[in-house]
Structure formats: C-alpha cells, structure tokens
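Colleague: Below is one structure. I have some questions about it.
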Amino acid sequence: MTTLGIVLVLALLLVVFGLLFRLQILTSIFSGSSTREVGVSNRVNAILCIVFLVVGGAAFAWSFIDNYDKMNPPIASVHGIATERMFWTTMIILGIVFTLTQVLLFVYSYKYQHKEGRRAFFFPHNNKIEVIWTLIPAIVMAGLVFAGWKEWTRITGPAPKDAVVLEVMGKQFNWLVRYPGRDLKLGVVNYRLIDATNEFGFDLSDQNGVDDFVAPEIHVPKGHPVLLKIRSRDVLHAVYMPHFRVQMYAVPGMPTKFWFTPIKTTDEMRAQTGNPKFNYELACNQICGRGHFAMKLNIVVDEPDDYVAWFAQQKSFSEQNPDVLASFKQKSDKMVEKVSATPAAATVVPVAAKASL
C-alpha cells in the first residue's frame with residue numbers, strides 16, 4: 001500500500017471513531033447520564049490529544065525522512081547552495097517554533113482538561129509578555145526577509161558581462177529557445193511576425209538577429225554564468241529548473257530574467273546519481289492548460305570546450321529559413337525604393353543639411 005493510501009485509511013479510521021464517540025455522548029445525554037459522561041468524554045478527548053500528538057508527529061517524521069531525497073534533488077548551481085542554506089535555516093526556525101507550540105497546545109489540552117471543582121484562572125493582560133512575543137518574531141522574520149531579499153536581488157540583478165545569454169519563451173504547450181549568433185547579441189523580435197515557421201517572431205531587418213539561432217534543447221557551459229531572458233507568448237508559465245534552484249515566472253507582455261552558474265555537467269550528475277539516463281530539466285510549474293504536463297525541455301551542461309564546439313555547429317534561423325530572410329530583403333528593398341521616390345525625401349534632406357550648417 002502506498003503512503004497516501006495508509007494516510008487515507010488512518011484518517012478514515014479517526015473519522016469513524018470520532019463519529020461513534022459523538023454518537024455515544026448524544027446517547028448518554030438523552031438517557032439522562034450526561035453529567036457523568038461529560039467527565040468521561042473529557043478524559044477520553046484529553047488522552048486522544050496526546051495520542052494524536054505522538055502518532056501524528058511520528059507519521060510526519062517518517063514521511064519527511066522517507067521523501068527527503070525526492071524533495072531535495074542534488075544542487076547544480078552556485079547560488080543554489082546559498083538558496084538551500086537559506087531555505088533550511090528558515091525551515092529549522094519555523095520547525096522549532098511549530099513543534100514547541102503544538103506540543104504545548106496538546107499537552108495543555110490534556111493537563112487542563114475539565115475536572116469537577118476546578119476553576120479557571122483569569123489572566124487579563126501582561127505588557128511584558130506582549131512585547132516579548134511581538135519583538136522576537138518580528139526580529140527573526142525581518143532577518144529572514146532581508147536574507148531572502150539580498151539573495152533575490154543578486155540573482156535577478158545585472159548578470160556578469162561575460163555571461164552566456166539565451167532567451168526562453170513559453171507557449172502552450174512547449175518551450176522555445178533562442179541563442180544569439182557570433183555577434184553575441186540577440187536581435188529584435190516582433191509578435192506580429194509570428195507564424196508556423198517564424199515561431200519566435202524574428203525581425204530579420206535587424207542585423208543583430210540575422211545570425212540568431214533556435215535550439216531543440218538548452219546547452220550551457222559548466223562554471224560560466226548564464227543569463228536567461230524569459231517571456232511568454234500566451235498565458236502565464238513558469239521556468240522551473242529544480243537542480244539549479246531556478247524558478248521565475250514567464251509573464252505575457254512582461255519580460256523577466258534570471259542568471260545562474262552551473263557547477264556540474266550532465267555527465268557528472270549522472271555519475272553522482274548513478275542514473276545513466278539522467279537529464280537536467282526545465283519544466284513549467286504553473287498550471288497553464290490541458291497540455292501543462294508536456295511543457296518540459298532538456299538542459300545539457302557541457303564542459304566549456306564541448307559547449308564551444310556545440311555552439312559552432314549551430315545554423316542560424318535565417319540560414320535554415322532562406323525564404324523568410326528573402327521576404328524581409330524584399331520588404332526592405334521596396335521601402336528604400338518608396339523613400340527614394342518620395343519628393344519630400346529629396347527636399348527634406350538638403351534643408352536639414354543647410355540647417356546644420
């Protein structure tokens with residue numbers, strides 16, 4: 001039986017037991033023995049609080065230990081180490097506070113159960129306690145927020161000048177990847193130019209985009225900063241790379257970015273995990289429609305020399321689609337002819353030249 005099945009069976013048993021117990025209490029009330037049964041029900045409820053604390057705590061500990069490796073894939077980026085450290089610092093602090101408060105809650109429920117002759121103590125107010133339990137959480141939370149803000153601004157801020165730049169665009173239901181060519185500059189794209197062939201909307205009238213190329217998977221070099229420029233073509237998506245601890249939304253009409261430095265090649269991670277079929281993955285973890293499950297893309301971390309060799313073998317979009325490039329050249333030629341044939345163009349230029357003199 002799976003873990004989920006065991007949890008559901010236990011939950012069902014607790015519900016049935018609770019319903020039977022409430023039925024027994026109602027029966028005792030209608031039979032006239034409610035006073036005596038109230039004391040019994042309180043003792044049973046108090047004991048059940050302790051049972052729930054122990055059993056629930058043990059089940060949580062077992063589930064956490066059993067699924068730890070699934071929740072924490074190996075780290076493969078520089079900032080991922082800092083992010084992981086910050087995450088577990090937060091979890092340890094919150095875990096200690098949660099455990100302490102829950103233990104006190106259930107223990108006090110048992111200790112201060114209803115008993116005949118016991119009177120409740122009225123505790124109206126205490127300024128010192130109020131200040132303590134307000135200041136301490138405020139200071140701790142401010143420290144955690146500041147640490148998170150500092151790390152977030154670093155990885156979403158300006159990337160190093162020598163960073164490898166690529167663009168990732170999400171659409172229902174796959175990812176498109178674009179690299180700059182030998183000039184290392186991404187060209188202009190225009191959503192009005194998107195069609196079945198030109199899925200990115202390349203504007204090949206921009207010379208920076210003539211040598212840009214698309215790739216069926218992401219390739220990045222080990223030990224080198226990588227800047228991801230992210231956007232969406234239709235609805236909200238999310239770039240999620242668990243091993244690199246990267247997550248950033250792809251928002252329609254609002255470009256986002258994220259930079260990271262991979263530290264383990266795909267082959268090294270395969271050796272570490274003992275899985276020869278291991279691949280880094282870019283997945284969409286924002287539900288975006290019926291085909292959301294299919295939005296995955298392989299990421300290959302190469303040694304620097306291997307990355308250079310892969311990059312050199314890629315053919316530009318314009319080279320693979322000469323018809324698209326030709327159509328842009330025809331449009332450009334027509335525009336030049338139109339401008340040169342316009343009388344205003346022949347007069348405006350000399351006037352501007354005279355004014356400059």
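Per UniProt numbering, the sequence shown starts with residue 1, numbered consecutively.
Here a beta-carbon is modelled for each residue, glycine too, at the ideal position from N, C-alpha and C.
#1: Look up Thr256 in the DSSP assignment and give the residues it is bridged to.
#2: Check whether the Cβ atoms of Asp211 and Ser316 sit closer than 8 Å, and answer yes or no.
#3: Would the region 154 to 174 count as touching the region 227 to 235 if we require 3 or more Cβ pairs under 8 Å?
#4: Mind checking whether Glu217 and Val300 have CB atoms under 8 Å apart?
#5: Between Gly201, Arg182, Leu176, which has its C-alpha nearest Val188's C-alpha?
#6: Check Asn298 in the structure and name its three-state DSSP category.
#7: Please go through the same chain and pick out, in chain order, the residues whose beta-carbon is closer than 7 Å to the beta-carbon of Ile194, but skip the five residues on each side of it.
#8: With burial defined as no fewer than 16 other Cβ atoms inside 10 Å of the residue's Cβ, what is the status of Ser232: buried or exposed?
#9: What does Asn279 pair with, by DSSP beta-bridge criteria?
#10: Does the Cβ of Ile196 have 16 or more other Cβ atoms within 10 Å, making it buried, or fewer, making it exposed?
#11: If we call anything under 8 Å between Cβ atoms a contact, is Lys296 one with Lys264?
#12: Taking the beta carbon of Ser318 as the centre, do at least 16 other beta carbons fall within 10 Å, making it buried, or is it exposed?
#13: Do Pro74 and Arg243 come within 8 Å of each other at the CB atom, strictly closer than that value?
#14: Beta-carbon within less than 8 Å of Ala331's beta-carbon, same chain only, minus the 5 sequence neighbours each way: which residues are those?
#15: Based on the DSSP secondary-structure assignment, which residues constitute the bridge partners of Phe202?
#16: Should Pro262 go down as buried or exposed, given a rule of 16 or more other Cβ atoms within 10 Å for buried?
#17: Just tell me which of Asp267, Phe17, Trp62 has its CA closest to the CA of Ile6.
#18: Hey, Ile50 and Phe106 are a contact pair by Cβ (cut 8 Å); roughly how many whole angstroms apart?
#19: Have a look at Lys185, His219, Ala215, Leu135 and flag the residue whose alpha-carbon is nearest the alpha-carbon of Asn208.
#20: Using 8 Å as the Cβ pair cut-off and three pairs as the minimum, do the region 251 to 258 and the region 135 to 143 touch?
#21: In the structure shown, what three-state DSSP assignment does Leu12 receive?
#22: Helix, strand or coil: which one does DSSP assign to Cys49?
#23: Would a C-beta distance cut-off of 8 Å place Tyr179 and Ala215 closer than the cut-off?
#24: Give the single residue among Val16, Val168, Leu104 whose Cα lies nearest to the Cα of Leu282.
#25: For His292, which of helix, strand or coil comes out of DSSP?
#26: For Ala309, which of helix, strand or coil comes out of DSSP?
#27: For Val213, report the span of its beta strand (DSSP E) as first-last.
#28: Can the beta-carbon of Tyr240 be found less than 8 Å from the beta-carbon of Asn285?
#29: Please state the DSSP three-state secondary structure of Lys128.
#30: Where Pro160 and Gln272 are concerned, what is the direct C-alpha to C-alpha distance, given to the nearest angstrom?
#31: Using the beta-carbon count (16 or more within 10 Å), is Met335 buried or exposed?
#32: Using alpha carbons as the reference points, say which of Gln314, Lys171, Leu325 lies closest to Pro252.
#33: From Asn298 to Asn279, what does the alpha carbon distance come to, in whole angstroms?
#34: Taking the alpha-carbon positions, what's the Leu20 to Leu13 distance?
#35: Compare the Cα-Cα distances from Ile81 to each of Gly56, Glu151, Leu236, Ala312 and report the closest residue.
#36: Quick check on His219: buried or exposed, where buried means 16 or more other Cβ atoms within 10 Å of its Cβ?
Modeller: Short version:
#1: Ile230
#2: yes
#3: yes
#4: yes
#5: Gly201
#6: strand
#7: Gly201
#8: buried
#9: For Asn279, which the question treats as bridged, DSSP gives no partner whatsoever.
#10: In the sequence as presented, Ile is not what sits at residue 196; that position holds Ala. When all chains shown are included, Ala196 counts as exposed.
#11: no
#12: buried
#13: Before going further, note that residue 243 is His rather than Arg in the sequence given. Contact flag set, yes.
#14: In the sequence as displayed, the identity of residue 331 is Lys instead of Ala. Counting only Cβ-Cβ distances below 8 Å, and skipping sequence neighbours, we find Ser205.
#15: Val189
#16: buried
#17: Trp62
#18: 6 Å
#19: Lys185
#20: no
#21: helix
#22: helix
#23: yes
#24: Val168
#25: helix
#26: helix
#27: Before going further, note that residue 213 is Phe rather than Val in the sequence given. It spans 213 to 215 - the beta strand (DSSP E) in which Phe213 sits, taken as one unbroken run.
#28: yes
#29: helix
#30: 29 Å
#31: Interpretation of Met335 is limited by its pLDDT of 48, a score under 50 that renders its predicted location unreliable; no figure is taken from the coordinates.
#32: Lys171
#33: 6 Å
#34: 11 Å
#35: Glu151
#36: buried
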